[in-house]
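Numbering (my numbering), first residue to last: -15 to 149.
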């Protein structure tokens, strides 16, 4: 049990800010290592037609997170944080654009989560930039919806959802 605790504990650096950032990133990365496991089990047992997709998603996610844990432990905490938050933002952007746009959960819940994590890991300026990119992306989704490129199943106007966001 002691080995596991040592293995998953965050690194400690001379810089207190870097140690705190590594602590937060460590929690996020280890959570992301374990989250795909129940998903994979669910798909394999109840949705076997999607097994290949689930395996690919899980293997990709696990590989990325393990690499980021390694980068973080080597002292490149900011680099690992930038990669992780950028990957999150891109994931939610692609998911929303290829689904229901600003009406999609990826936009409605994903972007606020990313903005929060960016703020915690990278600071206020990075969170402000991420907020601006998210709003611009959302406006692009509204535009794509108006052109008929994105279809939604809701009665709410897309522009209203974007304005509220």
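By construction, the Cβ of each residue, glycine as well, lies at the ideal position given by its N, Cα and C atoms.
All of these numbers come straight from a predicted model, not from anything done at the bench.
Query: Residue 147 classed as buried or exposed, judged by whether at least 16 other C-beta atoms fall within 10 angstroms; Result: exposed
Query: Residue environment, residue -2, which counts as buried when at least 16 other CB atoms sit within 10 Å; Result: exposed
Query: Per-residue DSSP class, three states only, for residue 28; Result: helix
Query: Run of the alpha helix (DSSP H) containing residue 96, from where it starts to where it stops; Result: 95 to 106
Query: Beta carbon of residue 25 nearer than 8 Å to that of residue 101; Result: no
Query: Beta-carbon separation (whole angstroms), residue 85 vs residue 116, contact threshold 8 Å; Result: Between residue 116 and residue 85 the Cβ distance is about 18 Å, and since that is not below 8 Å, they are no contact.
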